[in-house]
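Below: one structure, written as structure tokens.
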Amino acid sequence: MLKFTQNKTPKLNFKKALKKPIPVKCVQIDEPFEVETMEGVMKGKAGDWLMIGVNDEKYVCDASIFKKTYELMK
């Protein structure tokens with residue numbers, strides 16, 4: 130069985146992929162919160178985003194990750 134760790138990149142032939150621009154629903158929450166996800170209960174901090182994905186799954190996105198990864202639509 131292969132095993133991969135966080136602190137070491139395996140010597141594999143990685144390809145590059147661009148995430149498809151699929152709109153998701155999101156709202157920034159101004160206080161600590163919890164959301165039931167497909168993996169269990171997830172906690173969000175004040176300022177984190179509550180996301181609803183393409184299959185109506187709910188999850189938390191850290192505010193700093195959101196800023197790097199998402200752009201709000203108009």
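Residue numbers (the numbering used here): 130 to 203.
Glycine included, C-beta positions come from ideal geometry on N, C-alpha and C.
#### Entry: Straight-line Cα distance separating Glu160 from Leu141
42 Å
### Task
Check Lys197 in the structure and name its three-state DSSP category.
helix
### Inter-residue spacing [alpha-carbon to alpha-carbon] between Lys154 and Ala146
23 Å
### Query
Just to confirm, are Met202 and Tyr188 a CB contact at a threshold of 8 Å?
no
### Message
Rounding to the nearest angstrom, what Cα-Cα distance links Met180 and Thr198 in this structure?
### Response
13 Å
### Message
Give me the residue from Glu186, Ile151, Phe162 and Ile158 with the minimum Cα distance to Glu168.
### Response
Glu186
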